[in-house]
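Student: First the structure, then my questions, so here it is.
In my numbering, the protein residues as written are 349 to 803.
Shown next, in the form of structure tokens:
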């Protein structure tokens, strides 16, 4: 079942339930009102007999006993305005039931009626069926040992209620159908953005075209959903482009060392014609090229991880982390002097990732510094500044320092994969930070990493 059909069905069911509740309230309200009118008429009729007894005196009390009373003692008063004729009878506690001579229909008498006659129960109303007629009966005390019963037929009330049931049923059916139809029309309009989203998702899944976008309509939940879907497509498109670019760059960078390795291995295959010195030189070249490939593959794996989830950031003392990284760099670059100026600084980060970024920064600075050169490291307020002792960065190279596989002309002959600073930017960006490059006033390149500090 489609969403439009479900909405239409839900609206129809909700309307049917509401109409059923309203119809029930109306039905029982009208029924109570009509029955109240009947009960009021019965009460007036009983009061009319009490008034007659007050004016003429009760023949029951003039008789020596109730058992001698065999005829109906009063003339039945006529209903006002020609109302429907009712039934009347007196029920004596001793047993006899007195009815008017012209009344051949008896009102059923039960134990509760006798209790009213004896004074043990109060008056009550009851529904009965007599000779196929539905009647309303009032039983009320009429003196010591006597109960008066007056009744009126409920035919007119039942007819009105029957017609009311038909009208309410017709209204409920019409309201349900109308609500379902209107809901279908409204759903068709309201679900247009959902339909567009579905078609766009199906098109992207079929064509793999991530450049497709959805037109946003309004600023409601569906509008925000369209914007979120467009943002997701943009992120996927950017990720796919970055993946393709990484594969293209990696294949380009791998081609040269693999070709050199193949050449050296082919030469080693003809080892019989080579001298011992040539063999050693080629073997050293092969080992060096394997080291470069290992470094390149490690950097490629690190770069391909991107913003890989899994570890939760934690509060880290950036100054202590940089201090540890500098100690490691000193062991790796014994000819370089590292000078530190560290201020207590706390950031929220993944320690292992930030440590990798710091090591790449320090290795890059040491590589560009001359023998016995100085690398200056400053940490303050979530910012790390590393200044090397090299010649600095040319103005044309500054915007591209952190790009993948980018190498300045002066770095062509140096060892490295060209991915170290790209990894730094990726790690820092994943932590909500920024990177920048500039030249110091007294020479040397200045690379700065800024991370959100925790107060």
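Don't be surprised by glycine CBs; every beta carbon is placed ideally from N, CA and C.
Are residue 486 and residue 391 touching if we call contact CB-CB under 8 angstroms?
Tutor: Contact flag set, yes.
Student: Pull up the DSSP beta-bridge partners for residue 499, would you.
Tutor: Paired residue(s): 435, 485.
Student: Quick one: what does DSSP say residue 685 is sitting in, helix, strand or coil?
Tutor: Strand, per DSSP.
Student: Per DSSP, what are the beta-bridge partners of residue 422 in this structure?
Tutor: Answer is none; residue 422 lacks a bridge partner.
Student: With distances taken between CB atoms, is the gap from residue 465 to residue 441 smaller than 8 angstroms?
Tutor: Yes, they are a contact pair.
Student: Using C-beta distances below 6 angstroms, list every residue in its chain close to residue 370, excluding the 5 sequence neighbours before and after it, in chain order.
Tutor: Contacts found: none.
Student: What residues in its chain sit with their C-beta under 7 angstroms from that of residue 663, if we drop five residues either side in the sequence?
Tutor: The residues are 694, 696, 802.
Student: Quick check on the DSSP output: what are the complete alpha helix (DSSP H) runs of length 4 or more inside the stretch 528–609, in order along the chain?
Tutor: Counting only runs of 4 or more, we get 540–555.
Student: Going by the DSSP bridge assignment, what does residue 442 pair with across the sheet?
Tutor: Answer is none; residue 442 lacks a bridge partner.
Student: Between which two residues does the beta strand (DSSP E) containing residue 706 stretch?
Tutor: Run containing residue 706: none in the beta strand (DSSP E); it sits in the alpha helix (DSSP H), 699–716.
Student: For residue 814, which residues of its own chain have a beta-carbon under 8 angstroms away from its beta-carbon, when the five flanking residues on both sides are left out?
Tutor: A question about residue 814 goes unanswered here, because the residues of the chain that appear run from 349 up to 803.
Student: Strictly by DSSP, which residues pair up with residue 796?
Tutor: Answer by DSSP bridge pairing, in chain order: 733, 784.
Student: Is the distance from the Cβ of residue 521 to the Cβ of residue 438 below 8 angstroms?
Tutor: Not closer than 8 angstroms, so no.
Student: With a 10 Å radius around its C-beta and 16 neighbouring C-beta atoms as the bar for buried, classify residue 706 as buried or exposed.
Tutor: Label assigned to residue 706: buried.
Student: Just to confirm my understanding: we take residue 422, look at its own chain, exclude 5 residues before and 5 after, and list those with CB closer than 7 angstroms. What are they?
Tutor: Cβ neighbours of residue 422 beyond the five flanking positions: 397, 400.
Student: Given that a residue counts as buried once 16 or more other Cβ atoms are within 10 Å of its Cβ, and exposed if not, what is residue 514?
Tutor: By the 10 Å Cβ count, residue 514 comes out exposed.
Student: Just the C-alpha distance for residue 368 and residue 356, rounded to the nearest angstrom, thanks.
Tutor: Residue 368 and residue 356: Cα-Cα distance of roughly 18 angstroms.
Student: To the nearest whole angstrom, what separates the beta carbons of residue 795 and residue 785, a pair I think is in contact under 8 angstroms?
Tutor: Residue 795 to residue 785, Cβ: 5 angstroms. Contact.
Student: Name the two residues that bound the continuous alpha helix (DSSP H) containing residue 724.
Tutor: No alpha helix (DSSP H) holds residue 724; the beta strand (DSSP E) holding it covers 722–728.
Student: Here's a check: name, in chain order, each residue in its chain whose Cβ is nearer than 6 angstroms to the Cβ of residue 804, leaving out the five neighbours to either side.
Tutor: Any property of residue 804 remains undetermined from this structure, which presents the chain solely from 349 to 803.
Student: Output needed for residue 736: all residues of its chain with C-beta closer than 6 angstroms, excluding positions within five of it in sequence on either side, in chain order.
Tutor: Counting only Cβ-Cβ distances below 6 angstroms, and skipping sequence neighbours, we find 713, 716, 717, 723, 792, 793.
Student: Is it true that the CB of residue 725 sits closer than 8 angstroms to the CB of residue 674?
Tutor: Taking 8 angstroms as the Cβ cut-off, residue 674 and residue 725 qualify as a contacting pair.
Student: Give the straight-line distance between the Cα atoms of residue 529 and residue 362, rounded to the nearest whole angstrom.
Tutor: Taking the straight line from one Cα to the other gives about 13 angstroms.
Student: Using 8 angstroms as the threshold, is the stretch 498–510 in touch with the stretch 378–389, meaning 3 or more CB pairs across them?
Tutor: As far as the Cβ criterion goes, the stretch 498–510 touches the stretch 378–389, which means the pair count is three or higher.
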